[in-house]
Every structure is written in C-alpha cells, then in structure tokens.
Amino acid sequence: EAGVAQSPRYKIIEKRQSVAFWCNPISGHATLYWYQQILGQGPKLLIQFQNNGVVDDSQLPKDRFSAERLKGVDSTLKIQPAKLEDSAVYLCASSSGGWAYEQYFGPGTRLTVT
Amino acid sequence: LAKTTQPISMDSYEGQEVNITCSHNNIATNDYITWYQQFPSQGPRFIIQGYKTKVTNEVASLFIPADRKSSTLSLPRVSLSDTAVYYCLVGFTGGGNKLTFGTGTQLKVEL
C-alpha cells in the first residue's frame, strides 16, 4: 500500500513570497489533515478535511494560508505572503475515518523562510 | 483551552520498561487518546490508541485512569531503535482546540 506522498520535500523562499505544498493521501482515505510542526514542538493542526469539505480550520491563519482538496483526493496548502515565523515542517496525514482513526503521515515539507 | 503536557525528555537503557505520561485537562468523555512516535526527518507513526482503562498491542500498552486527566504509554524492554520523540494526541471534542498534540518526550535509549 502506497503511503502519503508530499512534495516538495524542501523549499527555501524569501519573506513575502508565496509557496504551495502538495499532498496525495492514501487511496480511499476520506480524511486529510495539514499540520505545521515548528522545530522542537508537536504538530499543530492547521486544517482537517472530510472528503472535500472542511471539518476544522480554526487554527489556520486565513489571512495568509489557504488550503483546498478538490475532488476529495489530493490537497494543496498555500502560504501567501510568507513570514519568517512560517519556517517549519508541513505535515500531511490521512485517515480512513474521522480524527479517532489512525493517521498516516507523509514525510513532510521543510520550509525555510529567509 | 485544551492543553496536553509531557516530560521533555527521558533516558533509559536497553531492556528496561519505559513509561511516558501525558497530562490532558478538559478531556471529554468520548475523546480518544492516541500515541505517536517520530524519528528525525519523518512524519509521526501510530503506536497505540485508547479510550479508557488499559489497551495493549504488540509494541506498547496504554493506561488511562478513571478520571482520564492523564494517560501513560508503556514501552516494554526498549531497544536502541526506540530512541525517538513520543507524542500523545487528544481530540478535545468537548470544546477548545481539537486534535491537540502533546509537547513531545524525547526518549533516549542507551546500551
């Protein structure tokens, strides 16, 4: 079974630039999550999708972050414009059901904002 | 606000049992507690999940007391390959932020 795929693995941008991350979940998984993990901290949920609908985006900085999951499969997370404090690893995860189900994580995208 | 706290680090030796505790206030009756393991440059990996009392699988046990304000991950006979960061994850469906990861515990296993 293929795991959760993410790209790119690494990205370096200057502040005020924009960046996009892509995630392809495990086939058949209805729920998709985006997390932000700052060095030395636990992952912080940014947004949770159930199929192509948003379940929870309460911690997504909506003035600069956006995410979509068209057709209920893969997803894109965008930051525009980026700030220095956005430097982190962005993790995508998927599960077959809601949050109480086991989440499968991708390798993450390490973003450095200079 | 929902909050989960863990010890920052723990040291152990191969073959010993390790117990890592997570404190989670405001947990609701129906919230599950899940533990994940994370190696450097990798995403977290599921270890075990529980709702109440005790759950055991082939790699760990999870103990949840009656008041459910904390939970303990027990790793029997650890090896060097268990050196990693361990996170608890709680879904605070009763209010506040949902799906809150703990602060993480760096476990270091030595010979």
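So the sequence lines, in the order shown, correspond to chains A and B. Counted the way this note's numbering counts, the first sequence spans residues 2 to 115. Counted the way this note's numbering counts, the second sequence spans residues 508 to 618. Even for Gly, the Cβ is constructed at its ideal location relative to N, Cα and C. Please read all numbers here as calculations on a predicted model, not as lab measurements.
query: Okay, do the segment 37-44 of chain A and the segment 527-540 of chain B touch, 3+ Cβ pairs below 8 Å being the bar?
result: Per the Cβ contact rule, the segment 37-44 of chain A is not in contact with the segment 527-540 of chain B (fewer than 3 Cβ pairs under 8 Å).
Strictly by DSSP, which residues pair up with arginine 552 of chain B? Partner(s): B/Gln544.
Given a cut-off of 8 Å on the beta-carbon distance, is the pair alanine 94 of chain A and tyrosine 36 of chain A in contact? Result yes, Cβ atoms of alanine 94 of chain A and tyrosine 36 of chain A sit closer than 8 Å.
Partners in chain B for aspartate 58 of chain A, counting only beta-carbon separations shorter than 7 Å: Near aspartate 58 of chain A there are no residues of chain B at all, since even the closest Cβ is about 11 Å away, more than 7 Å.
Positions along the segment 521-547 of chain B whose CB lies within less than 7 Å of some CB in chain A
Hits within the stretch, in order: Tyr539.
Who are the neighbours of threonine 612 of chain B on chain A, taking C-beta pairs under 8 Å? Neighbours of threonine 612 of chain B on chain A: none; closest Cβ ~10 Å, over 8 Å.
Item checked: Extent of the continuous beta strand (DSSP E) to which histidine 30 of chain A belongs -> Neither: histidine 30 of chain A is in no beta strand (DSSP E) and is coded neither H nor E.
Tell me, please, which residues DSSP counts as bridged to arginine 17 of chain A.
BP columns for arginine 17 of chain A are empty, so no partner.
- Query: With distances taken between CB atoms, is the gap from threonine 610 of chain B to glutamine 545 of chain B smaller than 8 Å?
  - Reply: Contact: no.
Which same chain residues end up closer than 6 Å to leucine 606 of chain B when comparing Cβ atoms and leaving out the 5 residues on each side of it in sequence? Only Gly598 meet the Cβ criterion.
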